[in-house]
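Novice: My structure is below; once you've seen it, I'll send some questions.
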Amino acid sequence: MSTRAVRKEEEENLLRRADDLCRQNNLRLTPIRERVYRELVQSGGPVGAYDLVDRLSSDKKRLAPVTIYRALDFLRDAGLVHRLATQNSYVVSHGQPDVNAMKIMFVDSKTGETIEVHSTEVAEAVRKAAEQAGFKSVSPFMEVEGELNRQS
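By the working numbering, the letter at position 40 of the sequence shown is numbered 55, and the numbering carries on one by one without gaps.
Dropping the structure here:
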């Protein structure tokens, strides 16, 4: 199977997962929300909100940034995308971690490329540190900025 065929299959799986998740949780995946999600899926990496405005607007009608931000808020709250603070952008979520795991997004500061990892060890360490600080974490998500180690 070619890389393009695998990518298309992965895109379709992510879109199907979004549709299923919304149905299961009685959420409406409106046409604009679906367009925003599809654009993020097809981009294959982080995209800023204003880039989405440009990509999804037509010559005749420019979408309002607030429309895109509302769609992104919905998608983030539904667990379908993540906001990357280091890049001021959004990236597709590749699934929810196990109950005892934490989602970690490694972000290459030069290229913006992301790698998503789920870790129970990190989740436990964060839980213990939060407990010692008298803090309760409500979002099991961590973003780490650095450089991908590229092996030749």
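Each residue gets a CB set at the ideal place from its N, CA and C atoms; glycine is no exception.
Any chance you could list the alpha helix (DSSP H) runs of at least 4 consecutive residues sitting entirely within the segment 72 to 118, in chain order?
Specialist: As far as the segment 72 to 118 is concerned, its whole alpha helix (DSSP H) runs of at least 4 residues are 80 to 92.
Novice: Measure from the alpha carbon of residue 119 to the alpha carbon of each residue in 30, 127 and 155, then state which is nearest.
Specialist: Within the sequence shown, residue 119 is the residue found at index 104, counting from 1. Minimum Cα distance to residue 119 is reached at 155.
Novice: Work out the CA separation of residue 46 and residue 38 for me, nearest whole Å.
Specialist: For the purposes of this step, residue 38 is taken as the residue at position 23 of the sequence shown. For the purposes of this step, residue 46 is taken as the residue at position 31 of the sequence shown. Cα to Cα, residue 38 sits roughly 15 Å from residue 46.
Novice: Is the beta carbon of residue 105 less than 8 Å from the beta carbon of residue 96?
Specialist: Stepping through the sequence shown from its first residue, residue 105 is reached at position 90. Stepping through the sequence shown from its first residue, residue 96 is reached at position 81. Result yes, Cβ atoms of residue 105 and residue 96 sit closer than 8 Å.
Novice: Could you check where the beta strand (DSSP E) with residue 56 kicks off and where it finishes?
Specialist: For the purposes of this step, residue 56 is taken as residue 41 along the sequence shown, with counting starting at 1. Element bounds for residue 56: not the beta strand (DSSP E) but the alpha helix (DSSP H), 46 to 58.
Novice: Are the segment 148 to 163 and the segment 124 to 131 touching, with three or more C-beta to C-beta distances below 8 Å?
Specialist: Yes, the segment 148 to 163 touches the segment 124 to 131.
Novice: Closest to residue 153 by C-alpha separation, out of 165, 42, 92 and 102, would be which residue?
Specialist: Walking along the sequence shown from the start, residue 153 turns up at place 138. Answer by Cα proximity: 92.
Novice: How big is the Cα-Cα spacing for residue 109 and residue 48?
Specialist: What you label residue 109 is simply residue 94 of the sequence shown in a count that begins at 1. What you label residue 48 is simply residue 33 of the sequence shown in a count that begins at 1. Each residue's alpha carbon lies about 17 Å from the other.
Novice: By Cβ distance below 6 Å, which residues in the same chain neighbour residue 68 in space, the five residues on each side in sequence not counted?
Specialist: As a first step, residue 68 is located in the sequence shown; it is residue number 53 there, counting from the start. So the list reads 78, 80 and 83, once near-sequence residues are dropped.
Novice: Excluding the 5 residues preceding and the 5 following residue 35 in the sequence, name in chain order all residues of the same chain whose CB lies nearer than 6 Å to its CB.
Specialist: Stepping through the sequence shown from its first residue, residue 35 is reached at position 20. Cβ neighbours of residue 35 beyond the five flanking positions: none.
Novice: Which residues mark the beginning and the end of the beta strand (DSSP E) in which residue 158 is found?
Specialist: Indexing the sequence shown from 1 puts residue 158 at position 143. It spans 156 to 161 - the beta strand (DSSP E) in which residue 158 sits, taken as one unbroken run.
Novice: How many Å lie between residue 165 and residue 58 at the Cα?
Specialist: Working through the sequence shown from its first residue, we reach residue 165 at position 150. Working through the sequence shown from its first residue, we reach residue 58 at position 43. In a straight line, the C-alpha of residue 165 is about 22 Å away from that of residue 58.
Novice: Using only CA atoms, which one of 60, 40 and 138 lies nearest to residue 113?
Specialist: Counted from its first residue, the sequence shown places residue 113 at position 98. Comparing Cα-Cα distances from residue 113 to each of 60, 40 and 138, the minimum goes to 138.
Novice: Distance, Cα to Cα, residue 141 vs residue 149?
Specialist: Position 126 of the sequence shown, counted from the first residue, corresponds to residue 141. Position 134 of the sequence shown, counted from the first residue, corresponds to residue 149. Taking the straight line from one Cα to the other gives about 12 Å.
Novice: Taking the Cβ atom as the reference point for each residue, do residue 71 and residue 43 lie within a distance shorter than 8 Å?
Specialist: Looking up residue 71 in the sequence shown gives position 56. Looking up residue 43 in the sequence shown gives position 28. Contact: no.
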